[in-house]
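J.: In this note's numbering, the protein residues as written are 376 to 818. We put the beta carbon where it would ideally sit given N, CA and C, even for glycine. Nothing here was measured: the structure is a model prediction, and the numbers come from that model. Mind looking over this structure? Questions follow.
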């Protein structure tokens with residue numbers, strides 16, 4: 376598979392449940408000595424991908440653009456590994472990097488246009504400005520890679536891998552990037568297994584994280600989705616998903632002023648175990664329905680108070696509460712303790728609501744929904760406090776409905792299932808990543 380254009384490279388970059396990027400399927404295993412310049416480049420890139428030599432295939436377009444047809448053909452038949460990356464500065468096109476030793480002797484004395492030497496690598500920029508910008512950044516004093524950066528560098532030098540930082544994640548995750556702040560920098564090793572791609576690595580919410588990963592933890596993948604399920608995210612708390620959003624005053628102020636969601640309510644949101652699910656709807660005005668099941672436990676009174684605070688603002692927006700009429704004194708008592716709501720528009724269309732779920736001998740759980748009211752049936756229990764975050768989705772079905780960000784990799788958008796687990800230790804901003812991307816076999 377050859378991906379050369381900027382959009383195509385993004386379409387092969389890493390993804391992470393809500394959303395991670397992904398490199399091309401073919402990468403080469405290469406020794407450290409063949410990429411001494413890679414450490415210097417790593418501090419300047421937002422997204423980096425390596426490709427194995429494939430002399431039997433046609434010369435990639437980016438090679439012909441950067442080297443010219445004649446030189447590109449000569450080098451293509453000699454080199455073993457090459458890289459493509461985007462720099463942190465600017466929004467320019469992709470850079471091409473390859474071993475300097477792969478060039479003919481004549482080309483090493485008079486380098487191609489818009490190129491520069493970086494130790495044992497030749498880097499070819501998309502234009503003169505990009506070349507000057509990268510050259511200037513590389514002249515600055517740089518620290519030696521440590522911690523996560525060093526471990527990612529070893530992966531890039533010794534096995535099939537891809538590296539990203541916050542800028543690279545934003546380029547491929549688009550509008551869902553704020554939900555992925557706990558994996559804003561990291562790397563993944565890849566292994567092709569039949570019609571699926573296995574992923575493993577680590578990521579952090581803190582750039583420059585130095586500590587070593589902690590062993591242990593359940594990193595089993597979630598089961599494949601079934602029925603009308605399009606996406607399921609399970610986690611021990613909402614904080615990893617909401618921290619970046621709730622850190623923005625532009626979001627916190629309306630929540631507090633309009634819905635009464637202040638600091639104490641935000642604390643409830645952050646700490647609550649959850650299961651977020653998206654289900655396809657075969658008919659009606661909505662393509663999908665969204666449910667959020669929360670293990671509120673002993674904090675149920677706080678949630679009941681928060682729900683009461685939402686009622687009047689929703690009425691002020693023209694919605695009406697069509698909660699079912701009470702059927703018995705027992706249901707009246709329960710409704711007083713755990714109020715429900717079913718919000719609808721003037722035309723009678725239900726657009727959301729909430730109800731309580733409680734099995735015998737268990738603490739109450741709160742089910743919030745957007746779209747029509749989901750049927751009453753078996754509910755998935757949110758995970759325990761020390762459980763990993765798990766993500767499952769059907770990318771091809773989400774893409775067909777227009778519900779997947781267009782920036783997501785094409786390789787991901789064509790997949791039938793994506794399953795991912797992010798396992799971290801309490802109070803540590805580092806997650807161990809395990810995942811698999813599956814494709815349906817062509818008939």
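(1) Have a look at the DSSP bridge pairing and note the partners of residue 744.
(2) For residue 638, count the other beta carbons within 10 Å of its own beta carbon; 16 or more makes it buried, fewer makes it exposed. Which is it?
(3) Would you list the one or two residues that DSSP bridges to residue 658?
(4) Where does the unbroken beta strand (DSSP E) through residue 681 begin, and where does it stop?
(5) Hey, how far is the Cα of residue 421 from the Cα of residue 466?
(6) Provide the residue span of the beta strand (DSSP E) that contains residue 581, from first to last.
(7) Any idea if residue 404 is buried or exposed, counting beta-carbon neighbours within 10 angstroms, 16 or more meaning buried?
(8) Assign residue 775 to one of three DSSP states: helix, strand, or coil.
(9) Tell me the residue span of the beta strand (DSSP E) that contains residue 474.
(10) By the 10 Å Cβ neighbour count, where 16 or more other Cβ atoms means buried, how is residue 547 classified, buried or exposed?
(11) Give the straight-line distance between the Cα atoms of residue 691 and residue 793, rounded to the nearest whole angstrom.
(12) Determine the DSSP secondary structure at residue 490, reduced to helix, strand or coil.
(13) Just to confirm, are residue 562 and residue 580 a CB contact at a threshold of 8 Å?
(14) Assuming residue 612 and residue 556 are in contact, meaning their beta carbons sit under 8 Å apart, how far apart are those beta carbons, in whole angstroms?
(15) With three or more beta-carbon pairs closer than 8 Å as the criterion, would you say the region 478 to 490 touches the region 440 to 448?
(16) Anyone know if the C-beta pair for residue 664 and residue 743 falls short of 8 Å?
(17) Can you give me the Cβ contacts of residue 755 inside the same chain, cut-off strictly under 8 Å, excluding the 5 residues immediately before and after it?
(18) My guess is that residue 596 and residue 811 are in contact by the Cβ rule of under 8 Å, so how many angstroms apart are they, rounded?
(19) If I follow the unbroken alpha helix (DSSP H) through residue 508, where does it start and stop?
(20) Take every Cβ of the region 497 to 509, pair it with every Cβ of the region 469 to 482, and state whether three or more of those distances are shorter than 8 Å.
(21) Going by C-alpha distance, which of 589, 655, 418 is nearest residue 513?
(22) Quick check on the DSSP output: the beta strand (DSSP E) that includes residue 796 runs from which residue to which?
(23) Got a sec? Which residues, its chain only, sit under 7 Å from residue 779 by beta carbon, not counting five neighbours each side?
(24) Over what stretch of residues does the beta strand (DSSP E) that includes residue 809 continue unbroken?
(25) Can you name the start and end residues of the beta strand (DSSP E) that residue 568 belongs to?
(26) Assign residue 717 to one of three DSSP states: helix, strand, or coil.
(27) In or out: residue 671 buried (at least 16 other Cβ within 10 Å) or exposed?
(28) Does the pairing of the region 568 to 587 with the region 445 to 463 give three or more beta-carbon distances under 8 Å?
(29) Determine the contact status of residue 594 and residue 809, defining contact as a CB-CB distance below 8 Å.
(30) Tell whether a beta-carbon distance below 8 Å holds between residue 622 and residue 582.
(31) Exposed or buried, residue 524, counting other C-beta atoms within 10 Å across all chains shown (16 or more means buried)?
(32) Closer than 6 Å by C-beta to residue 716: which residues in its own chain qualify, once you throw out the five before and the five after it? Chain order, please.
(33) What's the call for residue 385, buried or exposed, on a 16-neighbour Cβ count within 10 Å?
(34) Let me confirm a value: residue 521 is counted as buried when at least 16 other C-beta atoms fall within 10 Å, else exposed. Which label applies?
(35) Can the beta-carbon of residue 731 be found closer than 8 Å to that of residue 689?
(36) Considering only DSSP beta bridges, list what residue 538 is partnered with.
T.: This is what the structure holds:
(1) 666, 728
(2) exposed
(3) Residue 658 pairs with nothing; no bridge assigned.
(4) Unbroken run through residue 681 is the alpha helix (DSSP H), 675 to 691; no beta strand (DSSP E).
(5) Computed Cα separation, rounded: 11 Å.
(6) According to the DSSP assignment, residue 581 belongs to no beta strand (DSSP E), since it is labelled neither H nor E.
(7) Low confidence applies to residue 404: its pLDDT is 31, below 50, so where it sits in the model is not reliable, and the reading given next is rough at best. Answer is exposed; the Cβ neighbour count stays below 16.
(8) helix
(9) For residue 474, the enclosing beta strand (DSSP E) stretches over residues 470 to 474.
(10) buried
(11) 40 Å
(12) strand
(13) no
(14) At roughly 14 Å, the Cβ-Cβ gap does not stay under 8 Å, so residue 612 and residue 556 are not in contact.
(15) yes
(16) no
(17) 607, 609, 650, 652, 668
(18) 6 Å
(19) Per DSSP, the continuous alpha helix (DSSP H) segment holding residue 508 begins and ends at 503 to 514.
(20) yes
(21) The shortest C-alpha separation from residue 513 is found at 418.
(22) 792 to 799
(23) 770, 773, 788
(24) 805 to 813
(25) If you look at residue 568, you'll find it in the beta strand (DSSP E) that goes 560 to 568.
(26) strand
(27) buried
(28) no
(29) yes
(30) no
(31) buried
(32) 696, 698, 728, 729
(33) A caution first: residue 385 carries a pLDDT of 38, below 50, which makes its placement in the model unreliable, though a value can still be read off. Residue 385 should be labelled buried.
(34) Classification of residue 521: exposed, given that the 10 Å Cβ count is below 16.
(35) No.
(36) 423, 562
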